[in-house]
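Under numbering that gives the first Met the number 0, read the sequence shown as residues 0 to 396, first letter to last.
Where a beta carbon is used, it is the ideal one built from N, C-alpha and C, also for glycine.
Worksheet for the structure shown next.
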Amino acid sequence: MAIPERFSNLPEYAFPRLRTLLAGISPAADPVVMTIGEPRHAVPEFTGRIMAESIAEFGKYPPNEGTPELLAAISAWIGRRHGIEVEPARITSLNGTREGLFNAALALCPETKAGGRPAILIPNPFYQVYAVAAAAVGAEPVFVPATEESGFLPRFSELAPEMLDRVAIAYLCSPANPQGSVAPEAYLEELIALADRHDFLIFSDECYSEIWRDAPPPGALAVATRMGLADRVVMFNSLSKRSNLPGLRSGFAAGGKAQIAQLRRLRSYSGAPLSLPAQRVSAAAWADEAHVDENRALYHQKYAVADRILGNTPGYRSPQGGFFLWLRVPAHLGTGEDAAKKLWSEAGIQVLPGAYLSRDTAQGNPGRDYIRVALVDPAGPTEAALIRLKNCLYEGG
0 MAIPERFSNL PEYAFPRLRT LLAGISPAAD PVVMTIGEPR HAVPEFTGRI MAESIAEFGK
60 YPPNEGTPEL LAAISAWIGR RHGIEVEPAR ITSLNGTREG LFNAALALCP ETKAGGRPAI
120 LIPNPFYQVY AVAAAAVGAE PVFVPATEES GFLPRFSELA PEMLDRVAIA YLCSPANPQG
180 SVAPEAYLEE LIALADRHDF LIFSDECYSE IWRDAPPPGA LAVATRMGLA DRVVMFNSLS
240 KRSNLPGLRS GFAAGGKAQI AQLRRLRSYS GAPLSLPAQR VSAAAWADEA HVDENRALYH
300 QKYAVADRIL GNTPGYRSPQ GGFFLWLRVP AHLGTGEDAA KKLWSEAGIQ VLPGAYLSRD
360 TAQGNPGRDY IRVALVDPAG PTEAALIRLK NCLYEGG
C-alpha cells in the first residue's frame, strides 16, 4: 500500500539527518553535544517525593483533560504570570506541547477556508511539528521567513489579503526556537487584530517563556484577552524547559472555551493522558516559582558566558530568551552543514545545521548559513565548549 504523499514528502527529521551527516567522522576531542534542547539542570527537589507518595495511582486511569488540582494550578499560574483569569474549563493538560500543537490542528483546522484549501502559516525556521500538523490536516503550509531583517519574527501582515483570507491557523513561537527572539506586545496586538480581520486562530507556542534575559515575554493569550479577542488564541506551555522536566511530558493548552472543548473532545479519543503521579508532580511544579527563578539564573550565567566569548564575532546576536544560540557561519566556511562537520571533526562539538530547522522557499532557506547551539550544560562546560567553537569557526577557520 502506498504511503500518503503528504507525509512521504516530508524531509527526514533533524536529528537522523545530523547522524547521517556526521557518519564516519571521528571527533577530534572529547565530544560535546550541543544539538538537542534537553535541559540538563536539576529537576525540582519535590519531584521524587511526590512521585513516590502517589505511586499507587499508577493503578488508576487518569482524567484525560487533567485533574481538578492540576487545572486549578495551571489556572492560578496563568493568573500570576499573565494577569488574566482563565478558568479550568478553558484549559486542558497535554502530553507535552508537541502533542498539543499537533492535535490542536486536527481539532480546530476547518476542511475548507474561503472556498478552498485552508492555509497554515509557519515561521521559517520553526519547530518541525508545525509542518507535520499542516500535512496531517491537508492544509497548505505557508513558510514565512523569520530572518535578521525582520528581527527574527515572521511578518505575517505582509502576506497578500487573498492569502490571509485562506489562513486557518498561524503558528508563533516566542521566545523563538531557534533564534531566541521575543515577540513584543505591539507585535502580538498587530497579529491578533490580523487574525480577527481574516478569521484565523493563533497557536502560540510559549514553551520557552520562563527562560528570559531582561523581562518576562508577553503572552499572546493575555494580549488577546485585553483586546477582547481571547477566542483568537490557543496558548501552549509545558514544564520541560521551565522546570527541567522534559521526560515528564507535561504541558497544557489554554484558550477560548469552545476551542478547548473541541480539543478535549478529540483528545478523549486520541490523546495520551498524563499518569496521575505525573499530574501530581505537575500541579506542584506550576504552583512553585522558586525553582524556576533558580533555573533562570543558571541560564543568565550562560548568556553572560556566550556574550563574553562570542560578543565580538561577526553577526553574533545575544538571545532575548530560550537557551539556543543562532550563529551565522562565516561565509568562507560554507553552510551550516559545512560548519557542523568542521566542528565535529576539528573540535569535537556537535551542533545542528540551521537548514534542518527550515524549509526551502522561493526566497531560499533562511537557516542555510546558520547553526543552532544549545546552552543546556552547566556554565563551566558551556564556556569551555564555546571557546572551542570560537577557535574553530571564527579564529582558526
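Per DSSP, Ser74 is one residue of the alpha helix (DSSP H) stretching across Pro67 to His81. Your pair Ala135 and Val233 does not check out as a contact, with CB atoms roughly 17 Å apart and the cut at 8 Å. The stretch 203 to 221 makes contact with the stretch 229 to 246, as at least three CB pairs between them are under 8 Å. Pairing Val143 with Leu187 gives a Cβ-Cβ distance that is not under 8 Å.
Secondary structure of Gln278 (DSSP, three-state): helix.
Taking C-alpha positions only, Ala257 is separated from Ala194 by approximately 17 Å.
In terms of Cβ geometry, Gly250 and Leu93 form a close pair [threshold 8 Å]. The shortest C-alpha to C-alpha distance from Tyr60 to any of Ala130, Ala373, Ala271 and Val304 is the one to Ala271. Secondary structure of Phe199 (DSSP, three-state): coil. Out of Ser281, Glu189, Asn364 and His197, the CA that lies nearest to the CA of Ala167 is found in His197. Looking from the CA of Ile348, the closest CA among Arg154, Ile386 and Ala214 belongs to Ile386. Between Val42 and Leu326 the beta-carbon gap is near 29 Å, outside 8 Å, which marks them as no contact. Cα atoms of Pro140 and Arg212: separation of roughly 32 Å, rounded to the nearest angstrom.
Per the Cβ contact rule, the stretch 13 to 22 is in contact with the stretch 334 to 341 (3 or more Cβ pairs under 8 Å). DSSP places Phe151 in the coil class of the three-state scheme, outside both helix and strand. Checking the DSSP bridge columns, you'll see Phe235 partnered with Asp204 and Ala252.
Taking 8 Å as the cut-off, the beta carbon of Val128 is found no closer than this to the beta carbon of Ala253.
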